[in-house]
Amino acid sequence: MAILKGAALVGQSGGPTAAINATLAGVIRGAFEAKDAITKLYGMRNGIEGFLAERTIDLTATFSNEAGALDEEKLNLLAGTPAAGLGSCRKKLPDPDADPEFFAGLIALFKKYDIRYFFYIGGNDSMDTVAKLTKYLKTTDYEMRAVGVPKTIDNDLAATDHAPGYGSAAKYIASTMQEIIRDCAVYTVPAVTVVEVMGRDAGWLTASAALPRIINGTAPDYVYLPEVNFDTDAFINDIRAALDKHPNVVIAASEGIRFADGRYVGESSQSGATDVFGHKYLGGTGKTLEGIVKDTFGCKVRSIELNLPQRCAAHLQSKTDIDESRGVGRAAVGFAVEGTSGVMATIQRADGAEYKAEFVPMEIAGIANQVRSVPREYITDAGNNVTDECLNYIKPLIQGETETAFKDGLPVHIIL
C-alpha cells in the first residue's frame, strides 16, 4: 500500500478525565514515529467546534526539543495533567445525508491544512462524530482516514473491554470510599452517609466503590446502580437492616438511578436542562436519598457528591490506566497509517488469570451511540450491591501508581 502523506488532526471531546491527556500523549508519540506519513500534527482547540473556527495548535512544534526530536519530559508532563489539554466541546454534527453542505465545508478545511488523518478522543458522542465523518468520506474522492480513540470514566463504550480514564476514576472512588467509611466508623451514634457517584446510564463507576471489599474487607453497605430499577420501599428496608447491624451505614448510589417508570430518583432536584445530545444534566440523587432517610428514620444523615474530583484526580492515577491510555493513542495512529479508517481503537482483555490487554481496531458504526451497561450477573439478586466477579473485573484496572511531578508541594501541570 502506498503511503498516504499529509498532516494529522487530533481533538478531545466530551467530559475530561485524568487520563485523556495521556491518550493525547500517545497520539503525539505515534505521529512522531510516523514521520514518513504524517508531516505535521495539529491539535483542535475545543474539539471539532474549535477546528471549524480554525483554532488549532501545532503539536509537532510544541513537543519537539531543540534537536527536533520528541520532548519526552514535556510529553510525560502532559500525561500527568488532568482535564483536556486541548479543551473540549459537546458539538453534535448533522447527519451527512441531511446536511452534506456542512461536511463539504469541513472537507474544504481539511484540504486547506492538508489533513489526511483525523483522530478524535472521546466517548459515545465523540464516536458519533467519527462515524458521521466516515460516512461522508465514502461519498468523496478526498483520501483521508478517521479513527476514534476511546475515553470515558463511565466505562460505557461498546466493543472495548474498558475505556481509558475509567481505571483512574475507579481508583479515586474506591480510595475515597474507603476513607469515608473509616471516618464514619469513629462514632456510635446511628448515622447514614449517602455517597453519590457519577454514571448516567451505566453503573461501572458506582460499582468501583465496593472494590475495597475484596482488597481489605472494607465496603459500603449497599451499592445502587442504574441497571436495576430503584424501589423506595426496598431502599428503606435495606437501611433498616443495616442500622440493625451497626450504627454507621454507608451507601454508594449512582446519579443515574431511576424508578421503574424511568424517572430519575434525583429528578426533583434537577433543572431539567439537556445538552445538545439530549442528555439531562444530573445531580441531586444523594440529596433525595438523604431526605428519604431523614424522613423515615430521623437519624443523623448526610449526602456526599463526589462530583468533578472523580475525573480530575490526576494525583491518584492508575498506572495501568495511564499506560493503556498512552498505548491506545499510539495504536490509533498506527492503525491509520497502515490504512485503517472508520474504526475505534479498542482495548481487549486476554484470557487467563494474569491480566493482559491488546489494542484492536473495531468498526465505528457498531460503537457510536451504544451504551455498555454493567451485566446483570455482576449485580446481586437483590439489586443492591455488586458481586465479587464484578470487582475482580475492575481490580486489574486500578493497579499501579504513576510518578507525579511536584513543585513546592503541588503537582505540576502543563498548559497548551
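Following numbering that gives the first Met the number 0, the numbering of the sequence shown begins with 0 at its first residue and continues without gaps.
Don't be surprised by glycine CBs; every beta carbon is placed ideally from N, CA and C.
Would you kindly work out how many angstroms separate the C-alpha atoms of residue i and residue j, rounded to a whole number?
i, j, result
"A60", "K73", "12 Å"
"P163", "A68", "27 Å"
"V385", "E65", "52 Å"
"G121", "K39", "22 Å"
"T138", "I106", "11 Å"
"F258", "T133", "38 Å"
"A364", "L224", "28 Å"
"Q309", "A168", "5 Å"
"K150", "Y119", "10 Å"
"G285", "L108", "46 Å"
"T128", "I366", "11 Å"
"D380", "V227", "10 Å"
"A209", "C389", "10 Å"
"L415", "C183", "41 Å"
"K90", "C311", "22 Å"
"G25", "G351", "27 Å"
"L8", "D294", "55 Å"
"M438", "L3", "Nothing about residue 438 can be reported from this structure: the residues present for the chain run from 0 to 415 only."
"A240", "I393", "28 Å"
"D243", "D237", "10 Å"
"D98", "K131", "11 Å"
"L76", "G84", "11 Å"
"L307", "A1", "46 Å"
"G261", "S372", "16 Å"
"Y115", "S340", "Before going on, a small fix: residue 115 reads as Arg here, not Tyr. Cα-Cα distance, rounded: 11 Å."
"G49", "G42", "10 Å"
"G86", "E353", "37 Å"
"E465", "Y141", "As displayed, the chain neither begins before 0 nor continues past 415, which places residue 465 out of reach and without an answer."
"I56", "K110", "17 Å"
"Y280", "Y186", "Note that Y280 scores a pLDDT of 49, beneath 50, so its modelled location is shaky and nothing firm can be said."
With a cut-off of 8 Å on the beta carbons, I'd call residue i and residue j a contact; round off their distance for me.
i, j, result
"V146", "V300", "With a Cβ gap of about 48 Å, V146 and V300 do not count as contacting."
"G283", "G265", "4 Å"
"V327", "V148", "6 Å"
"L305", "V193", "About 11 Å separates the two Cβ atoms, so there is no contact after all."
"D230", "I250", "Going by Cβ atoms, the distance from D230 to I250 rounds to 14 Å, so no, they are not a contact pair."
"A416", "Y112", "In the structure displayed, the chain extends from 0 to 415; residue 416 sits before or after that span and is not available."
"I291", "I235", "7 Å"
"G104", "I47", "With 8 Å as the limit, G104 and I47 do not qualify as a contact, their Cβ atoms being about 12 Å apart."
Spatial neighbours of residue i within its chain, please: C-beta separation below 6 Å, excluding the five flanking residues on both sides.
i, result
"R28", "R329"
"G166", "S317, T319, D320, L396, I397"
"V336", "A33, A36"
"S324", "A18, A21, T22, P163"
"G382", "V227"
"F117", "L8, A145"
"F276", "Since pLDDT at F276 reaches only 48, below the 50 mark, its modelled position is unreliable, and no value is offered."
"D274", "With a pLDDT of 47 at D274, under the threshold of 50, the modelled position of this residue cannot be trusted; read the value that follows with caution. If we look at D274 and ignore the five residues flanking it on each side, its Cβ neighbours are R89."
Counting only the same chain and skipping the five closest in sequence on each side, list residues whose C-beta sits under 7 Å from that of residue i.
i, result
"G333", "G29"
"T80", "N20, A313, H412, I413"
"M126", "G147, M343, I363, I366, A367"
"I346", "T159, D160, H161, E323, V327, A356, F358"
"V188", "P246, K299"
"F62", "I27, L69, D70, K73, L74"
"F102", "P95, Y135"
"A52", "none"
"P93", "F101"
"T217", "Q177, I180, P211"
May I ask you to list the residues that DSSP assigns as paired with residue i?
i, result
"K299", "A190"
"V373", "According to DSSP, V373 bridges with nothing at all."
"A7", "L40, Y116"
"K406", "L409"
"I378", "V385"
"E304", "E195"
"V222", "A251"
"E337", "In the DSSP output, where bridge partners are listed per residue, E337 has none listed."
"E289", "Answer is none; E289 lacks a bridge partner."
By Cβ distance below 8 Å, which residues in the same chain neighbour residue i in space, the five residues on each side in sequence not counted?
i, result
"P410", "G79, A313, H314, T403, A404"
"L204", "I152, D153, N154, Y165, A168, A169, I172, V196, M197, G198, S253, Q309"
"V370", "N123, D155, A157, D200, A201"
"N215", "Q177"
"A349", "K355, A356, E357"
"S302", "T192, V193, V194, E195, G285, K286, L288, E289"
"F296", "P189, V191, I238, R239, L242"
"G14", "S87, G122, T151, I152, R310"
Please give me, in chain order, every unbroken run of the beta strand (DSSP E) with length at least 3 that falls completely inside the stretch 341-371. Listed in chain order, the complete beta strand (DSSP E) runs (minimum 3 residues) inside the stretch 341-371 are 342-348, 356-362.
Enumerate, from N- to C-terminal direction, the unbroken beta strand (DSSP E) stretches of 3 or more residues contained entirely within the stretch 166-208. 190-196
Alpha helix (DSSP H) runs wholly inside the stretch 228-269, at least 4 long, in chain order: Runs of the alpha helix (DSSP H) inside the stretch 228-269: 231-244.
Unbroken alpha helix (DSSP H) runs of length 4 or more, entirely within the stretch 98-166: which are they? 99-111, 123-136
Any beta strand (DSSP E) of 3 or more consecutive residues that is wholly inside the stretch 21-71: 37-43, 55-57
Counting only runs that start and end within the stretch 308-333, where is the alpha helix (DSSP H) found for 4 or more residues in a row? Fully enclosed alpha helix (DSSP H) runs of 4 or longer: 308-311.
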